[in-house]
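Below is one structure; the comments refer to it alone.
Protein chains in written order, with our numbering: chain B, 1 to 282; chain A, 283 to 558.
Structure follows, in structure tokens:
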């Protein structure tokens, strides 16, 4: 994880977003004044309960939704500026929750080529990118298959390859593992780690606390606002607050907390199971 | 299992015919069908059958596979055959009860039957040797010139691509809904036709809602991947007219020339016989 000079790639300034809802007089506010700066090459996990505004936040980053108040910038481009919308979507790719409903073509490699084709890239360059992207998610052997022959985890890896082939600077994952079995979930999380190592900026929207522990930074959303924000070791000091927001602490943090209550000395900052095991078995 | 379904009737292979430019194959199939209607006698059909047989042999599609396609329209062939046999006036050959078989009738029946069989086999060879998705690419490319007349060739092709992609997904969805409704006591197997049709409503309504939801999610995913219509789009699989396509086109032209020659030649012969 080579840290280059800190550079903001996504800047969210006092973002407000409101939905019009049927049967209700006023709009309902999904995001209520969120400001975040995301550094290039970082891995940020955004977590929150259903309705906390985390998915709405994700869709605001690549201009699928436009702010009602405040502004969002991606690599210097403002999302509300209609002229730069394609620049933004190429720079900030997005992987969605449902592995089925984001694949366009009945052949894996054609689907991965869909994004580059939209960008108007030359065919032999598309071929190179498609092969590289499929290799990166370990799906090259399945390139001629039809998506409906693949498992959920494999489909989600194809979806990731489709975004990687567009060479984005950052990728936003909107609950990519929510519909997968544990094995598929592990596959996808492994790829996230690899993309992070390659220096791609990652934003992971999730409601599995366990998935946030590998991130550099955790943002906890509650009722459309940022409730907690910081590196995992920092955020998980506030276990009480996290529980009050209806979320669970990760296993290692929970264990540390309980051992502490029993009077054992456990340092804060042990957030992954591996770290905890290493400490306990030292 | 629902996962194993194949769409269309593509026969996987890597033959010379499989690798031809889909545009050429579409045009060739159309030309072949037109030729079948131009041909007026059995000499012509023998030539067409020979050309088709050679193409099938090169494509390495098993004959059994081809004949399976004929099974579906077997009834139509039999129907056409019988109708032609009994309904044509002319020189009586023999009688079956009240029905009379004429020489002209038998000739017509055989003629129409041959035409139908060749027609079906010729057109199914196209779908057997071309993946649905490549067929779509070919159609898009062929329809492009009509864009000036307002034909949305890219949009039509994209719709077909998405339809091909989502047929299995929607089948799975249907399966799921049927199971869910069966678990609640819905009955899809018994009762009259009308009752059974009515019992399908609890499947169709959720299926439609589900299809709309899928469409919405897919549209968003496509937009997120910078989809903005056919303008300025490139393709991974560029259709290229290669040497082998030119060779195939030349062979096709030779076939048309021979059939045309036979027809002209036959006309002179018949005329000659008539004078004598």
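All residues carry an ideal CB built from backbone N, CA and C; glycine is no exception. In this text the structure is predicted, and so the values were computed from the model without any measurement.
Kindly list the residues whose CB is nearer than 7 angstroms to the CB of residue i, restricted to its own chain and excluding five residues on each side of it in sequence; keep chain order.
i, result
"residue 239/B", "249, 253 and 257"
"residue 404/A", "311, 314, 315 and 334"
"residue 374/A", "382 and 384"
"residue 183/B", "153"
"residue 104/B", "111 and 114"
"residue 237/B", "268"
"residue 17/B", "30, 31, 56, 60, 65, 67 and 68"
"residue 19/B", "27, 28 and 30"
"residue 88/B", "62, 63, 74, 77 and 79"
"residue 351/A", "291, 402 and 406"
"residue 536/A", "none"
Is DSSP giving residue i helix, strand or coil here?
i, result
"residue 284/B", "Examination of residue 284/B is not possible in this model, given that chain B is present from 1 through 282 alone."
"residue 290/B", "Outside the displayed range of chain B (1 to 282) lies residue 290/B, so it cannot be described from this structure."
"residue 449/A", "helix"
"residue 151/B", "coil"
"residue 78/B", "strand"
"residue 343/A", "coil"
"residue 435/A", "helix"
"residue 121/B", "coil"
"residue 28/B", "strand"
"residue 327/A", "helix"
"residue 553/A", "helix"
"residue 303/A", "coil"
"residue 94/B", "strand"
"residue 526/A", "helix"
"residue 370/A", "coil"
"residue 534/A", "helix"
"residue 444/A", "helix"
"residue 319/A", "helix"
"residue 280/B", "helix"
"residue 456/A", "helix"
"residue 1/B", "The predicted model places residue 1/B with a pLDDT of 43, which falls under 50 and marks its position as unreliable, so this point remains unresolved."
"residue 225/B", "strand"
"residue 389/A", "helix"
"residue 88/B", "helix"
What does a CB cutoff of less than 8 angstroms around residue i pick up in its chain, not counting 5 residues either side in sequence?
i, result
"residue 13/B", "35, 70, 71, 72 and 73"
"residue 241/B", "227 and 228"
"residue 231/B", "216, 217 and 218"
"residue 49/B", "207, 222, 245, 246 and 247"
"residue 394/A", "362, 363 and 366"
Starting from residue i, trace the alpha helix (DSSP H) in both directions and tell me its first and last residue.
i, result
"residue 382/A", "Residue 382/A -> not in any alpha helix (DSSP H); beta strand (DSSP E) instead, spanning 381-384."
"residue 13/B", "First-last for residue 13/B: 8-19, but that is the beta strand (DSSP E), not the alpha helix (DSSP H)."
"residue 174/B", "Taken as a continuous stretch (DSSP letters only), residue 174/B belongs to no alpha helix (DSSP H), being part of the beta strand (DSSP E) at 170-174."
"residue 197/B", "182-197"
"residue 418/A", "414-425"
"residue 504/A", "483-506"
"residue 56/B", "54-61"
"residue 259/B", "251-261"
"residue 235/B", "232-235"
"residue 243/B", "239-244"
Can you tell me where the beta strand (DSSP E) with residue i in it begins and where it stops?
i, result
"residue 143/B", "No beta strand (DSSP E) contains residue 143/B, which DSSP labels as neither H nor E."
"residue 517/A", "Note, residue 517/A: premise wrong, no beta strand (DSSP E); not H, not E."
"residue 271/B", "Note, residue 271/B: premise wrong, no beta strand (DSSP E); not H, not E."
"residue 48/B", "43-48"
Quick one: measure Cβ to Cβ for residue i and residue j, integer angstroms, because I've assumed they're closer than 8 angstroms.
i, j, result
"residue 195/B", "residue 172/B", "Not a contact, Cβ separation roughly 12 angstroms."
"residue 47/B", "residue 207/B", "6 angstroms"
"residue 449/A", "residue 488/A", "Residue 449/A to residue 488/A, Cβ: 18 angstroms. No contact."
"residue 101/B", "residue 528/A", "No, residue 101/B and residue 528/A are not in contact; Cβ-Cβ is about 42 angstroms, not under 8 angstroms."
"residue 292/A", "residue 413/A", "5 angstroms"
"residue 338/A", "residue 348/A", "6 angstroms"
What residues in its chain sit with their C-beta under 6 angstroms from that of residue i, if we drop five residues either side in the sequence?
i, result
"residue 108/B", "142, 143, 145 and 158"
"residue 147/B", "103 and 155"
"residue 106/B", "146"
"residue 58/B", "172, 174 and 205"
"residue 243/B", "none"
"residue 185/B", "177"
message = Whether or not the segment 185-202 of chain B and the segment 38-58 of chain B are in contact is what I'm after, with contact meaning three or more pairs of Cβ atoms, one per stretch, closer than 8 angstroms; do they touch?
response = Segments in contact, yes.
ask   = Are the segment 417-429 of chain A and the segment 293-311 of chain A in contact at 8 angstroms, needing three or more beta carbon pairs?
value = Yes, the segment 417-429 of chain A touches the segment 293-311 of chain A.
ask   = Does the count of Cβ pairs from the segment 44-57 of chain B and the segment 117-132 of chain B closer than 8 angstroms reach three?
value = Because the criterion of three Cβ pairs below 8 angstroms is not met, the segment 44-57 of chain B and the segment 117-132 of chain B do not touch.
query = Okay, do the segment 426-446 of chain A and the segment 356-374 of chain A touch, 3+ Cβ pairs below 8 angstroms being the bar?
reply = Note that the segment 426-446 of chain A does not touch the segment 356-374 of chain A; fewer than 3 beta-carbon pairs, one per stretch, sit closer than 8 angstroms.
ask   = Does the segment 82-94 of chain B come close enough to the segment 158-169 of chain B that 3 or more CB-CB pairs lie under 8 angstroms?
value = Put simply, the segment 158-169 of chain B touches the segment 82-94 of chain B. At least three CB pairs are less than 8 angstroms apart.
task = Take every Cβ of the segment 471-478 of chain A, pair it with every Cβ of the segment 394-412 of chain A, and state whether three or more of those distances are shorter than 8 angstroms.
result = The segment 471-478 of chain A vs the segment 394-412 of chain A: no contact.
The segment 339-348 of chain A in contact with the segment 290-299 of chain A per 3-pair CB rule at 8 angstroms = Touching, yes.
query = Given a limit of 9 angstroms on CB to CB distance, which residues of the segment 147-171 of chain B reach chain D?
reply = Protein chains in the displayed structure are B and A, and chain D is not among them.
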